[in-house]
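Visitor:
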Amino acid sequence: MNLVVTDLNKSFSKNHVLKDINLNVHSGQIFGYLGRNGAGKTTSIRILMDVFAGDSGSITMNGKKFKPSDYIIGYLPEERGMYSKFKVKDQLLYFAELRGASKTNAEDSMKRWCKEFGIDIYLDQKLETLSKGNQQKVQITQAFIGEPDILILDEPFSGLDPVNSKIFQDALLSYIKEDRIIIFSSHQMSYVESICDDIAIINEGEIVLAGNLNEIKKQTGEGKLRLQFADMKNLDFLSNYRYTLEGEDVILTLNPKETEKSFLKSLLQEDIELTLFAKYLPSLQEIFIEKAGDHIETA
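Residue numbers (our numbering): 6 to 304.
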């Protein structure tokens with residue numbers, strides 16, 4: 006499947022929230038949709054889910070007009086919406102049937118995903134009696150029930166310990182093999198880096214960066230090197246360069262028209278010993294801060 010958003014715009018009163026949004030999402034991979042709070046992520050997701058319409062632009066699936074009613078869409082919002090006083094089982098079946106699943110299909114799907122995420126022993130308990138981590142697993146499970154064609158996850162790792170985070174990541178990577186679309190949003194960049202292929206960053210209603218994450222890292226790091234010197238006194242050699250320090254690492258920007266080869270040659274001529282010489286690949290956090298200008302979590 007190929008979901009394409011083209012020149013999507015949305016305003017509320019005089020507030021232009023989305024400005025010519027373009028996205029290209031493929032099944033078989035996890036798409037990272039990133040942005041600061043209030044950047045426009047939730048608005049575009051709600052348009053995708055047909056909560057309300059965009060003012061202009063188009064959304065297509067495999068080249069044809071996208072009709073949300075033709076697909077099962079699983080959604081995990083950042084602000085959770087389940088009911089603390091009700092039993093887990095009753096709620097999971099309720100949400101599955103809301104998406105159009107028959108009772109039999111809902112029960113079968115519930116059994117599959119409850120076992121997958123290890124919450125089958127809590128089905129007859131009220132949500133409020135569970136730990137925060139288990140409540141989060143119930144929230145995640147409801148998004149998967151009904152075997153959605155499109156899965157939209159907003160901060161799904163919140164409250165999960167490392168073991169359950171790994172279980173969830175494995176489930177996502179397995180699920181996309183079934184020709185599903187997964188749109189993943191998080192401020193925890195380490196998770197995005199570990200599971201996402203393509204990303205888009207939205208800032209103040211505009212897409213400021215989009216594409217394959219590995220290619221973006223290579224392009225952003227072009228002309229920069231990661232170095233370590235055997236003797237840090239040799240930093241005096243770098244007086245004509247722009248560089249920053251990351252612990253013992255030196256992140257250096259080559260001068261215009263200078264190549265990695267010519268820079269290394271100059272170091273050898275000065276008899277300067279290196280313990281590390283590598284191309285610089287920035288982290289997604291660094292890229293995000295550069296494009297969206299905000300501090301984010303690193304967990």
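C-beta atoms are modelled at their ideal positions from N, C-alpha and C, and glycine is treated no differently.
All values derive from a computational prediction rather than experimental measurement.
(1) Cutting at 6 Å between CB atoms, please list the residues of its own chain near Gly-33, excluding the five before and the five after it.
(2) Met-66 and Leu-158 - do their beta-carbons sit closer together than 8 Å?
(3) Figure out for me which residue from Met-6, Leu-103, Ile-26 has the closest Cα to the Cα of Asp-12.
(4) Could you tell me the distance, in whole angstroms, from the CA atom of Lys-70 to the CA atom of Gly-62?
(5) What separation, rounded to the nearest whole angstrom, lies between the Cα atoms of Thr-134 and Phe-100?
(6) Give me the Cα-Cα distance between Gly-37 and Asp-125, rounded to the nearest whole angstrom.
(7) When you compare the CB positions of Leu-53 and Met-194, do they come within less than 8 Å of one another, or not?
(8) Compute the Euclidean distance between the alpha carbons of Phe-242 and Glu-291, then round it to the nearest angstrom.
(9) Sort out for me which residues DSSP pairs His-31 with in a bridge.
(10) For Asn-219, which three-state DSSP category applies?
(11) Could you pull the start and end residues of the alpha helix (DSSP H) that Lys-296 belongs to?
(12) Nearest-angstrom Cα distance between Ser-170 and Thr-109?
(13) How is the alpha helix (DSSP H) around Val-197 delimited, first residue to last?
(14) Using a 10 Å radius around the Cβ and a threshold of 16 neighbouring Cβ atoms, would you call Phe-234 buried or exposed?
(15) Does Gln-224 pass the burial test, meaning 16 or more other C-beta atoms within 10 Å, or should it be called exposed?
(16) Can you give the beta carbon distance from Lys-131 to Phe-91, rounded, assuming they're within the 8 Å contact cut?
(17) Assuming Thr-48 contacts Lys-15 (C-beta within less than 8 Å), just tell me the rounded distance between them.
(18) Helix, strand or coil for Phe-162 per DSSP?
(19) From what residue to what residue does the alpha helix (DSSP H) around Asp-276 run?
(20) Considering Cα atoms alone, identify which of Glu-84, Gly-216, Ala-283 is closest to Cys-201.
(21) Going by the beta-carbon positions, is the gap between Tyr-127 and Val-93 smaller than 8 Å?
Guide: To lay it out plainly:
(1) Ile-181
(2) no
(3) Ile-26
(4) 11 Å
(5) 20 Å
(6) 29 Å
(7) Remark: C-beta atoms of Leu-53 and Met-194 do not approach each other more closely than 8 Å.
(8) 26 Å
(9) The partner list for His-31 (beta bridge, DSSP) reads Asn-7.
(10) Looking at Asn-219 - three-state DSSP - the assignment turns out to be helix.
(11) Where Lys-296 is concerned, the enclosing alpha helix (DSSP H) stretches over 289-297.
(12) 29 Å
(13) Its alpha helix (DSSP H) spans residues 194-200.
(14) buried
(15) exposed
(16) 6 Å
(17) A Cβ-Cβ separation of about 6 Å places Thr-48 in contact with Lys-15 under the 8 Å criterion.
(18) coil
(19) Run containing Asp-276: none; DSSP gives neither H nor E here.
(20) Gly-216
(21) yes
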